[in-house]
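Let me begin by presenting the structure, written as structure tokens, before commenting on it.
Residue numbers (full-length UniProt numbering), protein chains in the order written: chain A, 1 to 449; chain B, 1 to 117.
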């Protein structure tokens, strides 16, 4: 059941479920969460952090004794995906921060995911082991090798049950294909290929082949002085394997069809909202830069996030978005200070719920926003320790901009801009959301009655 | 935007006088732009232009290039001095050209993520 986001006439109430991570104020840089992603069934939830580590949570099956309570997410596996490197040729540090994680559709008992930092993409296999062979002929039980002369009989080892062990192993490393910093990876619906995008180029890979990659978009100008825009995000269409989109720092989205040519520099469609050139300010281009683009699950729409708003585009209409939602319009009168403290460059992400009826994105002060497209309602919630009592219902938050602040409202000037929610994810089939603050992962779900 | 409209209950449709809303929006932005120019008079006029983008492309600590390295080597052979004295003196920013040997090795965090705790 995927009703509206709560409040007013719709009947969904969001409740706190769990919070992961240390609850003290001392945040090590390595603990900053940099990506959050559910797998296709929603059973697994992966996070990546600035220290290059991946933590995967698994939802416990619903217990028979409490059928109306969804299972909790507990740690399933954790591993070091990327390590810091030094590029000696350019004397540049390569950060180990995980920029994106994408799950491959499950084909067998093991789970596979792609994780990427600025330069290298890795395919990780996560598999379970719950049996081990016992009764070797040449080894003792503790692993020491037997003296062969003492072996007088031959036996077949048997598989005995053991405590469940979850192993993560790197199966492929896709390296050396990006001069600039990777911002996106997206898995194709053909189950064979995926794309990776950096500031100026997009490459197409085969999931099995690491020594070769095809360049499909290249917007690098011959003279770097002529550089006017960069690629900010890219994604494959959910069911058309020939189609992908990429967004730019100038607020445009280009849709490309790989059947048209090998190099997709010429777009098939260009989505751009017209703007009166007289209405431009110093900030116009910066705040129009698209920080995230996501296709809807049904493949008919795409959503873009720029600094102040979310726009929903019908893929059949390039001239303007069909819906626009203001995330935090009250920040428009703060752009000067947001430029000075660099917040204006924050790259917020956005996500759809499973049936494309609600979209969600983060904001400052650990606020996150939901927009119900059907009921035309929006709501603001806060991920905070104060709201962290088990199953406590989230109360909508209100921001006041004018002089008269009502009780329970927060004034714009008291917002904490260091507490930003950049990464959010929605369970593909259920009303469960994962919201990342700087170093904590909050899991909320709708109240089941 | 008027203070009553903070929680817009409808998505932004073009109201009857759409130009008025547009004007308010651009006035807010231009006011913020004036503030910024007052604080930083040397700010360039092409904000989204190649300077900003090139800074973005070069994100990441650049320690030195071969020009710096060769200059530093030349300085040492000329002066004959700094090599022994330098480690004792507290480094003045910009005075010391780092080399691969000087850089503290960056190791991955040795502890597990606190999310898994």
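The beta-carbon is built from N, C-alpha and C at its ideal position, and this holds for glycine as well.
Please go through the same chain and pick out, in chain order, the residues whose beta-carbon is closer than 6 angstroms to the beta-carbon of residue 307 of chain A, but skip the five residues on each side of it.
-> Reading the first chain from its first residue, position 307 is the one you call residue 307 of chain A. If you ignore the 5 residues before and after residue 307 of chain A, its C-beta comes within less than 6 angstroms of the C-beta of 287, all in its own chain and listed in chain order.
Counting only the same chain and skipping the five closest in sequence on each side, list residues whose C-beta sits under 7 angstroms from that of residue 5 of chain A.
-> For this step, residue 5 of chain A is matched to residue 5 along the first chain. Because the pLDDT at residue 5 of chain A is just 46, under 50, the model does not fix this residue reliably, and the point stays unresolved.
Which term fits residue 145 of chain A, buried or exposed, when burial requires 16 or more other beta carbons within 10 angstroms of its beta carbon?
-> Residue numbering aside, residue 145 of chain A sits at position 145 when the first chain is read from its first letter. Answer is exposed; the Cβ neighbour count stays below 16.
In chain order, what residues of the same chain have a beta carbon less than 7 angstroms from the beta carbon of residue 85 of chain A, not counting five sequence neighbours either side?
-> Sequence index remark: in the first chain, residue 85 of chain A carries index 85 (1-based). If you ignore the 5 residues before and after residue 85 of chain A, its C-beta comes within less than 7 angstroms of the C-beta of 94, all in its own chain and listed in chain order.
Quick one: using the 10 Å Cβ neighbour count with 16 as the cut-off for buried, is residue 39 of chain A buried or exposed?
-> Within the first chain, residue 39 of chain A is the residue found at index 39, counting from 1. Counting of Cβ neighbours within 10 angstroms places residue 39 of chain A among the buried residues, the total reaching 16 or more.
Is the beta carbon of residue 345 of chain A sitting closer than 9 angstroms to the one on residue 424 of chain A?
-> One-based indexing of the first chain puts residue 345 of chain A at position 345. One-based indexing of the first chain puts residue 424 of chain A at position 424. Not a contact, by the Cβ cut-off of 9 angstroms.
What does residue 166 of chain A touch in chain B if you count any residue whose Cβ is under 9 angstroms from its own?
-> Reading the first chain from its first residue, position 166 is the one you call residue 166 of chain A. Result: empty, since nearest Cβ-Cβ is about 12 angstroms, beyond 9 angstroms.
Interface flag, residue 261 of chain A vs chain B, CB-CB below 9 angstroms = Residue numbering aside, residue 261 of chain A sits at position 261 when the first chain is read from its first letter. So, not an interface residue.
Out of curiosity, what's the CA-to-CA distance linking residue 9 of chain B and residue 385 of chain A?
-> Residue mapping note: residue 9 of chain B aligns to position 9 of the second chain, counting from 1. Residue mapping note: residue 385 of chain A aligns to position 385 of the first chain, counting from 1. Confidence in residue 9 of chain B is poor, its pLDDT being 41 and thus under 50, which makes the residue's placement unreliable; the coordinate value appears in the next sentence. For residue 9 of chain B and residue 385 of chain A, the gap between their C-alpha atoms comes out near 28 angstroms.
When burial is assigned at 16 or more other CB atoms within 10 Å of the CB, is residue 247 of chain A buried or exposed?
-> Counting from 1 along the first chain, the entry for residue 247 of chain A is found at position 247. Label assigned to residue 247 of chain A: buried.
Cβ pair residue 71 of chain A, residue 60 of chain A closer than 9 angstroms | The residue labelled residue 71 of chain A in the question sits at position 71 within the first chain. The residue labelled residue 60 of chain A in the question sits at position 60 within the first chain. Less than 9 angstroms divides the Cβ of residue 71 of chain A from the Cβ of residue 60 of chain A.
Just reading off the alpha helix (DSSP H) that residue 288 of chain A is part of, what are its end residues?
-> The residue you call residue 288 of chain A lines up with position 288 of the first chain. Residue 288 of chain A -> alpha helix (DSSP H) spans 284 to 288.
Rounded C-alpha distance that separates residue 249 of chain A from residue 352 of chain A | Here residue 249 of chain A refers to the residue found at position 249 of the first chain. Here residue 352 of chain A refers to the residue found at position 352 of the first chain. CA-to-CA, the gap between residue 249 of chain A and residue 352 of chain A works out to about 22 angstroms.
CB contact check: residue 116 of chain B to chain A, cutoff 9 angstroms = Taking the second chain and counting its residues from 1, the one referred to as residue 116 of chain B is at position 116. Closer than 9 angstroms: yes.
Residues near residue 433 of chain A by beta carbon distance below 8 angstroms, same chain, minus five either side = In the first chain, counting from the first residue as 1, residue 433 of chain A sits at position 433. Excluding positions up to five away in sequence, the list reads 14, 360, 424, 425, 426, 427, 443, 444, 445.
Chain A partners of residue 41 of chain B, CB-CB under 9 angstroms?
-> To locate residue 41 of chain B, count along the second chain from 1; it is residue 41. Here the premise fails: no neighbours, minimum Cβ distance about 13 angstroms.
Is residue 212 of chain A buried or exposed, if buried means 16 or more other CB atoms sit within 10 Å of its CB?
-> Taking the first residue of the first chain as 1, we reach residue 212 of chain A at position 212. Residue 212 of chain A comes out exposed.
Short-range partners of chain B found in the region 13 to 24 of chain A, where Cβ spacing is below 9 angstroms = Shown in chain order are the members of the region 13 to 24 of chain A whose Cβ falls below 9 angstroms from a Cβ of chain B: 20, 21, 22.
Comparing the C-beta of residue 30 of chain B with each C-beta of chain A, is any distance below 9 angstroms?
-> Counting from 1 along the second chain, the entry for residue 30 of chain B is found at position 30. So yes, residue 30 of chain B belongs to the interface.
With contact counted as at least three CB pairs below 8 angstroms, one residue from each stretch, are the region 274 to 286 of chain A and the region 219 to 226 of chain A in contact?
-> Touching, no.
Could you tell me which chain A residues have their CB closer than 8 angstroms to the CB of residue 59 of chain B, listed as they occur along the chain?
-> Position 59 of the second chain holds residue 59 of chain B. What residue 59 of chain B touches in chain A: 181.
Report the neighbours of residue 333 of chain A on chain B: residues whose CB is nearer than 8 angstroms to its CB, in chain order.
-> For the purposes of this step, residue 333 of chain A is taken as the residue at position 333 of the first chain. Contact note: residue 333 of chain A reaches chain B through 28, 31, 32, using a C-beta cutoff of 8 angstroms and chain order.
Assess, as a yes-or-no matter, whether the region 25 to 37 of chain A is touched by the region 45 to 56 of chain A under the definition of 3 or more beta carbon pairs within less than 8 angstroms.
-> By the Cβ rule, the region 45 to 56 of chain A counts as touching the region 25 to 37 of chain A, because three or more pairs are nearer than 8 angstroms.
Neighbour flag for residue 234 of chain A against chain D, beta carbons, 9 angstroms | Of the protein chains in the structure, A and B, none is chain D.
What are the start and end residues of each continuous beta strand (DSSP E) run of 3 or more residues lying completely inside the region 234 to 306 of chain A, in chain order?
-> For the region 234 to 306 of chain A, whole beta strand (DSSP E) runs of length 3 or above, ordered along the chain, are 243 to 248, 253 to 257, 269 to 271, 292 to 295, 301 to 305.
Does DSSP put residue 104 of chain A in a helix, a strand or coil?
-> For the purposes of this step, residue 104 of chain A is taken as the residue at position 104 of the first chain. Secondary structure of residue 104 of chain A (DSSP, three-state): coil.
Using the beta-carbon of each residue, which ones in chain B are nearer than 7 angstroms to residue 339 of chain A?
-> Numbered from 1 along the first chain, position 339 holds the residue referred to as residue 339 of chain A. Under the 7 angstroms cutoff, chain B gives 36.
Kindly give me the distance between the Cβ atoms of residue 180 of chain A and residue 186 of chain A, rounded to whole angstroms, as I take these residues to be in contact under 8 angstroms.
-> Within the first chain, residue 180 of chain A is the residue found at index 180, counting from 1. Within the first chain, residue 186 of chain A is the residue found at index 186, counting from 1. Not quite, the Cβ-Cβ distance comes to about 17 angstroms (not below 8 angstroms), so this is no contact.
Does the distance from the CB of residue 121 of chain A to the CB of residue 54 of chain A come in under 9 angstroms?
-> Position 121 of the first chain holds residue 121 of chain A. Position 54 of the first chain holds residue 54 of chain A. No, the pair does not count as a contact, with Cβ atoms beyond the cut-off.
Chain B within 9 angstroms of residue 113 of chain A, Cβ atoms only | By one-based count along the first chain, residue 113 of chain A stands at place 113. Not an interface residue.
Could you tell me if residue 393 of chain A is buried or exposed, where buried requires 16 or more neighbouring beta carbons within 10 angstroms of its beta carbon?
-> Here residue 393 of chain A refers to the residue found at position 393 when the first chain is read from its first residue. Exposed, because fewer than 16 other Cβ atoms sit within 10 Å of the Cβ of residue 393 of chain A.
Under the rule that 16 or more other beta-carbon atoms within 10 Å means buried, what is residue 421 of chain A, buried or exposed?
-> Counting from 1 along the first chain, the entry for residue 421 of chain A is found at position 421. By the 10 Å Cβ count, residue 421 of chain A comes out buried.
So the alpha helix (DSSP H) residue 335 of chain A belongs to, where does it begin and stop?
-> For this step, residue 335 of chain A is matched to residue 335 along the first chain. Here the alpha helix (DSSP H) through residue 335 of chain A covers 335 to 340.
Could you tell me which of A/104, A/310, A/216 sits nearest to residue 261 of chain A, measuring between CA atoms?
-> Residue 261 of chain A sits at position 261 when you count from the first residue of the first chain. Looking from the CA of residue 261 of chain A, the closest CA among A/104, A/310, A/216 belongs to A/216.
Please classify residue 458 of chain A: does DSSP put it in a helix, a strand, or coil?
-> One cannot answer for residue 458 of chain A here, as it falls past the ends of chain A, which runs 1 to 449.
How far does the beta strand (DSSP E) with residue 172 of chain A in it reach, from first residue to last?
-> As a first step, residue 172 of chain A must be located in the first chain, where it is residue number 172. Note, residue 172 of chain A: beta strand (DSSP E), 158 to 174.
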